[in-house]
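K.L.:
This is the structure, below, for whatever I ask next.
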Amino acid sequence: MEPWLEKIEKIAQEVAEREGCILYDLEHTGAGNGRILRVYIDKDDGVGVEDCSNVSKGLNLMLDVEDIVPGSMYHLEVSTPGLDRNLKKPWHFEKVVGKKVSIKLAKALGSITGIEDKGLISMKQFEDVLLGVEDDSLLFEIRKNKAKIPLSQIEKAKLVFEYKTNAKPKPKKK
4 MEPWLEKIEK
14 IAQEVAEREG
24 CILYDLEHTG
34 AGNGRILRVY
44 IDKDDGVGVE
54 DCSNVSKGLN
64 LMLDVEDIVP
74 GSMYHLEVST
84 PGLDRNLKKP
94 WHFEKVVGKK
104 VSIKLAKALG
114 SITGIEDKGL
124 ISMKQFEDVL
134 LGVEDDSLLF
144 EIRKNKAKIP
154 LSQIEKAKLV
164 FEYKTNAKPK
174 PKKK
């Protein structure tokens, strides 16, 4: 991470905490006048529009005073990480133990875990329930094979949002 982005991360964390939120993630994209600084905030009882607005105002003020962002033009966006949130930091994974996640690996599953199941050896992507986080690794049981995957081998991870319906089953026809 760029040094100026690390400074912004510290400021964003302070502003978010002051508003009763936590800084979930931060990203910078684009170039020139199309640059975007995205700040994702979260809290246990859910983030509202007012939370995003307050963090945005506070962060805008601090960034203007500190003048950290290189160049003159950028757009600041403050939002929640969403239902299908990206998972990057160990604590992101700890919060979703017991839930289904989508994982994209840097290398084939067999070379990372030693799994010998022919159907899994070359797999680089899968969706499964995260069983735990241990020693900077994620624990899964993939098709009855226990797997311990180091966080360093994960290219991308997302929470899989599963829609649950409360629809009543249709009555059987006689």
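So the sequence shown is numbered by the numbering used here: it starts at 4 and just counts up by one. Virtual Cβ for every residue (Gly too), placed ideally from N, Cα, C. Computed from a predicted structure; not experimentally measured.
1) Starting from residue 10 and walking both ways along the alpha helix (DSSP H), at which residues does that stretch end?
2) Measuring straight from C-alpha to C-alpha, what distance separates residue 153 and residue 13?
3) Compute the beta-carbon to beta-carbon distance between residue 24 and residue 10, rounded to the nearest angstrom, for a pair I have assumed lies under 8 Å.
4) Would you tell me roughly how many angstroms separate the C-alpha atoms of residue 57 and residue 132, rounded to the nearest one?
5) Pull up the CB-CB distance for residue 135 and residue 100, whole angstroms please, since I reckon it's below 8 Å.
6) Could you check the C-alpha separation between residue 5 and residue 116 for me, to the nearest Å?
7) Are the CB atoms of residue 162 and residue 87 within a distance shorter than 9 Å?
8) If we ignore side chains and look at the alpha-carbon of each, how far apart do residue 95 and residue 150 end up?
9) Taking its Cβ as the centre, do 16 or more other Cβ atoms sit within 10 Å of residue 42, making it buried, or is it exposed?
P.N.:
The relevant details are as follows:
1) 6-21
2) 27 Å
3) Not really, about 19 Å apart at Cβ, beyond 8 Å.
4) 35 Å
5) 6 Å
6) 32 Å
7) yes
8) 19 Å
9) buried
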